[in-house]
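Residue numbers (the numbering used here), protein chains in the order written: chain A, 3 to 114; chain B, 106 to 218. Glycine included, every Cβ here is placed at the ideal spot set by N, Cα and C.
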Amino acid sequence: DAKTTQPPSMDCAEGRAANLPCNHSTISGNEYVYWYRQIHSQGPQYIIHGLKNNETNEMASLIITEDRKSSTLILPHATLRDTAVYYCIVRASSGNTGKLIFGQGTTLQVKP
Amino acid sequence: NAGVTQTPKFRILKIGQSMTLQCTQDMNHNYMYWYRQDPGMGLKLIYYSVGAGITDKGEVPNGYNVSRSTTEDFPLRLELAAPSQTSVYFCASIGLANTGELFFGEGSRLTVL
Numbered sequence: 003d004a005k006t007t008q009p010p011s012m013d014c015a016e017g018r019a020a021n022l023p024c025n026h027s028t029i030s031g032n033e034y035v036y037w038y039r040q041i042h043s044q045g046p047q048y049i050i051h052g053l054k055n056n057e058t059n060e061m062a063s064l065i066i067t068e069d070r071k072s073s074t075l076i077l078p079h080a081t082l083r084d085t086a087v088y089y090c091i092v093r094a095s096s097g098n099t100g101k102l103i104f105g106q107g108t109t110l111q112v113k114p
Numbered sequence: 106n107a108g109v110t111q112t113p114k115f116r117i118l119k120i121g122q123s124m125t126l127q128c129t130q131d132m133n134h135n136y137m138y139w140y141r142q143d144p145g146m147g148l149k150l151i152y153y154s155v156g157a158g159i160t161d162k163g164e165v166p167n168g169y170n171v172s173r174s175t176t177e178d179f180p181l182r183l184e185l186a187a188p189s190q191t192s193v194y195f196c197a198s199i200g201l202a203n204t205g206e207l208f209f210g211e212g213s214r215l216t217v218l
């Protein structure tokens, strides 16, 4: 019962921007969009999160549509080390945040 | 801070045996989670807790039990281990502050033969 849907896999050329989409059409007003990635069998790593506005940090940019029903994670200059499974989840900012459901994620393959 | 610590890292069990996976965090986080990850698959939520004394079922709770007697500890108990419970288990925690960072342990690889 994941609240998000993502394509199962994507390829990207090294040095190019990787754009990973996520649909969250049932998102509530107090729910943030979070992105994590998992490299090999390590625990997932936090990347970025946002509510309404676009966000940028040293790792990535997050673009959220005006209706908040979808978002895109952008890795501006993908490297081979960005090959990983990327997860998009939604989570309330306060109160009982309850379940954190990850879904299947998108496997990003960065190719030389 | 040590973050989230899981023990053991590896364990082999025989069918029908029981064991407890330990998870401890030293960040005073309220929310803690147990996930399992089968090969080539995503993370499945087993149980979670929003604070000491409060636990609730996730997506795949059957065959597992948890307790949360303290803020720091969130052990996962496997009763009557079955081959279907062969998986990598991750414990995670997150604080009340909306930093977004879900802290994960290194994982516990369990094989049931």
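- request: Please report how far the alpha carbon of T111/B lies from the alpha carbon of Y88/A, in whole angstroms.
  value: In the sequence as presented, Thr is not what sits at residue 111/B; that position holds Gln. Rounded to whole angstroms, the gap between the alpha carbons of Q111/B and Y88/A is 23 Å.
task: Taking only beta-carbon positions, decide if F195/B is within less than 8 Å of chain A.
output: Yes, its Cβ sits closer than 8 Å to a Cβ of chain A.
message: For P23/A and P9/A, which I take to be in contact (beta-carbon distance under 8 Å), what is that distance rounded to the nearest angstrom?
response: P23/A to P9/A, Cβ: 7 Å. Contact.
Residue closest to H116/A, alpha-carbon to alpha-carbon, out of E68/A, M61/A, R18/A and S43/A: Any answer about residue 116/A is impossible in this case: the structure gives chain A only from 3 up to 114.
message: Within the continuous beta strand (DSSP E) that includes N170/B, where are the two ends?
response: If you look at N170/B, you'll find it in the beta strand (DSSP E) that goes Y169 to V171.
query: Counting pairs of beta carbons, one from the region 176-187 of chain B and one from the region 112-127 of chain B, are three or more of them closer than 8 Å?
result: Cβ pair count under 8 Å is three or more, so yes.
Chain A residues whose Cβ lies nearer than 8 Å to that of G212/B: Within 8 Å of the CB of G212/B, the CB atoms of chain A belong to S43, Q44 and G45, in sequence order along the chain.
- prompt: Does the beta carbon of Y169/B sit closer than 8 Å to a beta carbon anywhere in chain A?
  reply: Look at Y169/B: its C-beta is not under 8 Å from any C-beta on chain A.
field: chain A contact residues for L207/B, given Cβ-Cβ distances below 8 Å
entry: Against L207/B, the close residues of chain A are Y36, Y38, P46, Y48 and L102, in the order they occur along the chain (beta-carbon pairs closer than 8 Å).
- prompt: E105/A and T28/A look like a contact to me (Cβ under 8 Å); what is the Cβ gap, rounded to whole Å?
  reply: Contrary to the premise, residue 105/A reads as Gly rather than Glu in this sequence. About 13 Å separates the two Cβ atoms, so there is no contact after all.
- prompt: If you measure from the beta carbon of G31/A to each beta carbon in chain B, is any gap under 8 Å?
  reply: By this cut-off, G31/A is not an interface position.
query: In whole angstroms, what separates the C-alpha of L64/A from that of P78/A?
result: Taking the CA atoms as reference points, L64/A sits about 11 Å from P78/A.
field: Which residues DSSP lists as bridging T28/A, in chain order
entry: DSSP lists no bridge partner for T28/A.
message: If I measure Cβ to Cβ from Y34/A and keep anything under 8 Å in the same chain, skipping five residues before and after, which residues do I get?
response: Correct list, in chain order: H51, G52, L53, V92, R93, A94 and S95.
message: Using only the alpha-carbon positions, how far apart do D131/B and Y140/B sit?
response: Rounded to whole angstroms, D131/B to Y140/B spans 19 Å at the Cα level.
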